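4 protein chains.
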Amino acid sequence: MRKSNLMRPLKGIVPPMITPLLDRDTLDVEGLEKLIEHILGGGVHGLFILGTTGEAPSLSYDLRYELIKRTSKQVNGRVPLLVGVTDTSFSESIKLARFSAEQGADAAVLAPPYYFSQGQPELIEYIGHVTKELPLPLFLYNMPGCTKVHMDPETVMILSEYPRIIGLKDSSCDMMYFHKIRAMLKQNPEFAVLLGPEELLAESVLLGADGGVNGGANMFPSLYVALYNAAVKKDIDTVVELHKKVVQISMTIYSTGRYGSSVLKGIKCALGLMGVCNDFISEPFHRFRDPEREIIRKFLSEIKIDV
Amino acid sequence: MRKSNLMRPLKGIVPPMITPLLDRDTLDVEGLEKLIEHILGGGVHGLFILGTTGEAPSLSYDLRYELIKRTSKQVNGRVPLLVGVTDTSFSESIKLARFSAEQGADAAVLAPPYYFSQGQPELIEYIGHVTKELPLPLFLYNMPGCTKVHMDPETVMILSEYPRIIGLKDSSCDMMYFHKIRAMLKQNPEFAVLLGPEELLAESVLLGADGGVNGGANMFPSLYVALYNAAVKKDIDTVVELHKKVVQISMTIYSTGRYGSSVLKGIKCALGLMGVCNDFISEPFHRFRDPEREIIRKFLSEIKIDV
Amino acid sequence: MRKSNLMRPLKGIVPPMITPLLDRDTLDVEGLEKLIEHILGGGVHGLFILGTTGEAPSLSYDLRYELIKRTSKQVNGRVPLLVGVTDTSFSESIKLARFSAEQGADAAVLAPPYYFSQGQPELIEYIGHVTKELPLPLFLYNMPGCTKVHMDPETVMILSEYPRIIGLKDSSCDMMYFHKIRAMLKQNPEFAVLLGPEELLAESVLLGADGGVNGGANMFPSLYVALYNAAVKKDIDTVVELHKKVVQISMTIYSTGRYGSSVLKGIKCALGLMGVCNDFISEPFHRFRDPEREIIRKFLSEIKIDV
Amino acid sequence: MRKSNLMRPLKGIVPPMITPLLDRDTLDVEGLEKLIEHILGGGVHGLFILGTTGEAPSLSYDLRYELIKRTSKQVNGRVPLLVGVTDTSFSESIKLARFSAEQGADAAVLAPPYYFSQGQPELIEYIGHVTKELPLPLFLYNMPGCTKVHMDPETVMILSEYPRIIGLKDSSCDMMYFHKIRAMLKQNPEFAVLLGPEELLAESVLLGADGGVNGGANMFPSLYVALYNAAVKKDIDTVVELHKKVVQISMTIYSTGRYGSSVLKGIKCALGLMGVCNDFISEPFHRFRDPEREIIRKFLSEIKIDV
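Protein chains in written order, with full-length UniProt numbering: chain H, 1 to 307; chain V, 1 to 307; chain Y, 1 to 307; chain D, 1 to 307.
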């Protein structure tokens, strides 16, 4: 196990990496290598695998283990590596976390179990049990759209006191929630708060977030890094200009399909068109077919990312 | 593989068996044997393992495989055995179904993948892909409270035409939906429609359901069988009388805790008190502690089940 | 004021009358008279005006007052007359109720104020204040789909103890809720429980409801009366046969448009085609245009109602 | 009718005024005068009466008319006066708007009818009909938490082309929605976009909103004006500092009760304690009682607003 290079709090852009696939059960190994270099080449501050954007719940366990192993090896400590260990089964989460630790990951990321809804006391007790067996520091992951369970601000406050819990990734898309959390945690500056939705990167960093876990950084890592840096420097004109690009990506590449899956499909399709990796998507989804593919191609040709 | 004894449509009471556990990763083997005999002794028409009541998503895969093997061996063809193979990973679902088929199960039961929400066309395509690789006939499982995805009546209609799909277990608690489905499927009498919520057993069977997948039948199998039989015979006075007992169970044993988990906790606690099996519950929940346990004990002593 | 002919509990079919309109601000006076006779001719047990089906919230106050006056005069005590007084303004509710009492109405029907959501204690306090000023006995009206506020079973229990509150009209479409309410109220047989959705009439009366407030009884009053009577007599074969007709109406006449408004549009369109009254609908909706009208015409010609 | 002093687009802080009451049906006339001067004294850019914060749906029509008359007279053209005319009845909305125009109001504000949910095409048709009869320019009001109907971005786009519709007040609390709307409307700079939730004032103005309709400006108008001005000037340090005060108000004064009504109760209680006006609240709510009142008093003494 390498010595962790995880800063407290973790700051900056930590892309939630998509998982390049050749088919349902086969990693696109070559694409994975290219993708990691593409992302790290953009100057990001960390890498997060096996999250929602990484399609983790859709992948077989064998494939998840292989991905952890290969990614850790290639990242090789250049940036902190975070691994999603969310699972409906406690035991499978712990197994994933142990393997991740052995392979050199720096932290685990955990959303609530997502089949059965829990009450907040049940959730707190569950996470308490997890942290006892976890060989890695933990980021909480608030993702109510997928898990049905919202981590109440009071729950985050209680859990932020646990020594092993070092931050929150919030993907609730709710800035009211963020402001409340940020105010409640003001006595705990080492606890990182990062937001998932990239459309909220500008404002959240201006108003106190530590960074973003932005799916678009799979395609254009330097754009999100530049926006983060501008926000940290309070360079509002640059923030506004780059924020508009981010919104443009959201309103084109992420808005092509009809369902919630359109973000994932758009990112993978764009990466395929950019020649980075295969655009195969695991069940219950499928890659964009030709008509949508042409739309994405057109968007890509029109978006100017030169940061 | 035994020859299947599955009737078309499947009719009657098919209890969703709880999974007896000694701890997080250990089956209560002795309790499992007693529970199976307890349930089958009540005259039920089938057995369904690894559903919601069976805590399937919370169990490690090793434990799920062991449960399939042991249950199939002990049931030994006395009633049809249905196995839940719902998973967020396509590959893990197929592996579970293949193992179940090898062990002699009669059918698989599948709810939509429950992390990512799907649009109805995505869901239809997904289930189409599953059926191609499935070695067992399939029951659809509508469980929007846990999966977030509702199987629209039109979706059920389309899927009911697939030869491998032989029925629906509906746990939406929505009788408006049931009546619509029942009317739409009138040309397809071999397609079974069974309801999950036992509070709706009486009315659904009176108005055309083929049976019930009722959690309470873990505790009192003969009660649900008697209610089913009375409804089939249109013996309304008996139906009303037994229905009241079912509602009483729901308003006592299932209403003790504060969260959605109270049904599961109540059933397991009651089975423990009845001496059938251990009441351990897997994460993210925990068994009832003493105060709730005493409440359940009191309820049990007051409920008269003598059918 | 006439002496009220209201039985305790109110039992049977109490149609929620649509409001016949010539245009946005003009009653269809002739149509109103024909409609009332049409409905009462079917043998119904009461009449409910200014409910959801009556488009009450969409009507100007002048029009509501005129409707109360004309309807009360024409019904003339032949059946109990219930008047919806739901409003977001306490004072307007009381004014409506006072006028209704003066005109000879037998009871008021009240759903929670529907702009601001209330907590259950706020709702209980509000209804307590209303009953103090109300010159009529009161039916609670649970209609969470329109009001956003669900009347919890515990709330209904508390309010059922108030002497002026004599029943509940439940339009939650939730039979789990009904069974719970029915069991909780078993010590209070004078408190009426009537269900709104006609698709649930059969099962609710079989299992203890006092009757139905069914929109379809605007068109086919005798069908719903016959179904109610069959259920009271436990004549299951007739119940099943008539229930199927009710579901058929729901799946045709109520399912023609794309939005929640399709039920109202379907009923008014059918009444127009049947020559009973004008089919004008107030804002924010509009009557069916020709294509939908032809579909409704075809359905009407195919449905055989001969009870 | 005065000549309107409404700028296009309307920019700045437009407080949604609470309605001072002595009891359920009586305006606090003296309090109203003090409140208007208190708010205008803070340098605000407009005044909005009879919105959600103004408890409009809870007030009798007589009281609403009186409020319009008195407020318009006292404001006397010093700032633009916007009047909420939202109603479930089309005719009552138009009557309110006509009276408002006669009294000298500058614009009407309209949310969707809030009893029946509409589909988006129904909503567009409805608003089209309203604008034809409306004697005032119109602001759309997106308030899905109270109306159940969300104005989709595409709906806003279509309606923004209507000459009489001059802006949107969005209270969805959804910054993803705001960014989408802002981008879609970039060709229409005269169309104002103002946000309701004050916790989002800082970021929305920094990223393109025209202003805020912030309830807290009833208490501390100059704070919100200062924050707005700092955001316009891109003075981030001041923005961050004042934003923290706004969040502090939200987490104290608005968070004292248990229900959605706590914001309204908190504002009225604070104004009462500040000696501005009576804190009576209309049904279905009630003013804070002593324990909550003491909490609010303590918060008020701790908050330093000196801008």
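Note that the Cβ used here is the ideal one computed from N, Cα and C, for glycine as well.
Because the structure is a prediction, the values reported are computed rather than measured.
Just to make sure I have the definition right: I need the residues of chain V whose C-beta is within less than 7 Å of the C-beta of residue 25 (chain H). Which are they? 91
Under a three-way DSSP split, which group does residue 1 (chain V) fall into? Note on residue 1 (chain V): pLDDT 46, under 50, position unreliable in the model; the coordinate value appears next. Residue 1 (chain V) falls in the coil class under three-state DSSP.
Could you check whether the stretch 80-87 of chain H touches the stretch 3-22 of chain H, counting it as contact only if at least three pairs of C-beta atoms, one from each stretch, sit closer than 8 Å? Contact between the stretch 80-87 of chain H and the stretch 3-22 of chain H is present, because at least three Cβ pairs lie under 8 Å.
Closer than 7 Å at the beta carbon, the chain Y residues around residue 202 (chain V): What residue 202 (chain V) touches in chain Y: 207.
Return helix, strand or coil for residue 218 (chain V), following the three-state DSSP convention. helix
First and last residue of the alpha helix (DSSP H) that includes residue 159 (chain V)? In the DSSP assignment, residue 159 (chain V) falls within the alpha helix (DSSP H) that extends over 153-160.
Listed in chain order, which residues of the stretch 138-155 of chain V have Cβ atoms closer than 8 Å to some Cβ of chain Y? The stretch 138-155 of chain V vs chain Y, Cβ under 8 Å: nothing.
If you follow the beta strand (DSSP E) that residue 84 (chain D) is in, where does it begin and where does it stop? Run containing residue 84 (chain D): 81-84, per the beta strand (DSSP E) assignment.
Taking residue 223 (chain Y) as the reference, which of Y:155, Y:230, Y:307, Y:182 has the closest Cα? Y:307
So the candidates are V:113, V:290, V:57; which of them puts its Cα closest to the Cα of residue 150 (chain V)? V:113
Comparing C-alpha positions only, which one of H:193, H:279, H:99 sits nearest to residue 133 (chain H)? It is H:99 whose Cα lies nearest to the Cα of residue 133 (chain H).
If you check the beta carbons only, do residue 139 (chain D) and residue 180 (chain D) fall under 8 Å apart? no
Distance, residue 173 (chain Y) Cα to residue 199 (chain V) Cα: 14 Å
If you drop the 5 nearest sequence neighbours on each side, which residues of the same chain put their C-beta closer than 6 Å to that of residue 209 (chain H)? Once the five neighbours on either side are set aside, the close Cβ partners of residue 209 (chain H) are 193, 195.
Output needed for residue 66 (chain H): all residues of its chain with C-beta closer than 7 Å, excluding positions within five of it in sequence on either side, in chain order. If we look at residue 66 (chain H) and ignore the five residues flanking it on each side, its Cβ neighbours are 27.
Against residue 234 (chain Y), what residues of chain A qualify as contacts under a CB-to-CB distance less than 7 Å, listed in chain order? Annotation note: the requested chain A is absent from the structure, which comprises protein chains H, V, Y and D.
Any beta carbon of chain D sitting closer than 8 Å to that of residue 185 (chain Y)? no
Count Cβ pairs between the stretch 93-109 of chain Y and the stretch 67-77 of chain D that sit closer than 8 Å; are there 3 or more? no
Is residue 214 (chain H) buried or exposed, if buried means 16 or more other CB atoms sit within 10 Å of its CB? buried
Closer than 9 Å between beta carbons: that is the criterion. Which residues of the stretch 240-258 of chain H meet it against chain V? 257, 258
In terms of alpha-carbon separation, which member of V:277, V:212, V:276, V:257 lies closest to residue 290 (chain V)? V:257
Tell me where the beta strand (DSSP E) around residue 169 (chain H) begins and ends. Element bounds for residue 169 (chain H): 165-170.
Tell me which residues share the same chain as residue 92 (chain V) and place their Cβ nearer than 8 Å to its Cβ, disregarding the 5 neighbours each side in the sequence. Taking C-beta separations shorter than 8 Å and ignoring five residues to either side along the sequence, the partners of residue 92 (chain V) in its chain run 61, following chain order.
Using a Cβ-Cβ distance cut-off of 8 Å, determine whether residue 277 (chain D) contacts chain H. Proximity of residue 277 (chain D) to chain H, defined by a Cβ-Cβ separation below 8 Å, is not satisfied.
Can you give me the start and stop residues for the alpha helix (DSSP H) that residue 192 (chain V) sits inside? First-last for residue 192 (chain V): 192-195, but that is the beta strand (DSSP E), not the alpha helix (DSSP H).
Does residue 1 (chain D) have its Cβ less than 8 Å from a Cβ in chain H? With a pLDDT of 46 at residue 1 (chain D), under the threshold of 50, the predicted position of this residue should be treated as unreliable, and no value is reported.
In three-state terms, what does DSSP make of residue 276 (chain Y)? coil
Could you check whether the Cβ of residue 117 (chain H) sits closer than 8 Å to any Cβ belonging to chain V? yes
Decide if the stretch 156-169 of chain D is in contact with the stretch 155-169 of chain H; the criterion is three or more beta carbon pairs, one per stretch, under 8 Å apart. no
Would you kindly work out how many angstroms separate the C-alpha atoms of residue 311 (chain D) and residue 280 (chain D), rounded to a whole number? Because chain D spans 1 through 307 in this model, residue 311 (chain D) falls outside it and cannot be assessed.
Using only the alpha-carbon positions, how far apart do residue 1 (chain H) and residue 97 (chain H) sit? Its pLDDT being 46, under 50, residue 1 (chain H) is placed unreliably in this model, and the value from its coordinates should be taken loosely. Using only the alpha carbons, I get a separation of about 13 Å.
Would you please verify whether the beta carbon of residue 11 (chain H) is less than 8 Å from any beta carbon of chain D? Answer no: the Cβ-Cβ gap between residue 11 (chain H) and chain D never drops below 8 Å.
Let me check one thing: in DSSP terms, what residues is residue 21 (chain D) bridge-paired to? Per DSSP, the beta bridge partners of residue 21 (chain D) are D:27.
Would you say residue 123 (chain Y) faces chain D, with C-beta separation under 8 Å as the test? yes
Which first and last residues belong to the beta strand (DSSP E) in which residue 107 (chain Y) is found? Where residue 107 (chain Y) is concerned, the enclosing beta strand (DSSP E) starts and stops at 107-110.
Amino acids of chain H, ordered along the chain, whose beta-carbon sits closer than 9 Å to that of residue 260 (chain V): Listed by position along chain H, the residues whose Cβ is nearer than 9 Å to that of residue 260 (chain V) are 116, 117, 118, 119.
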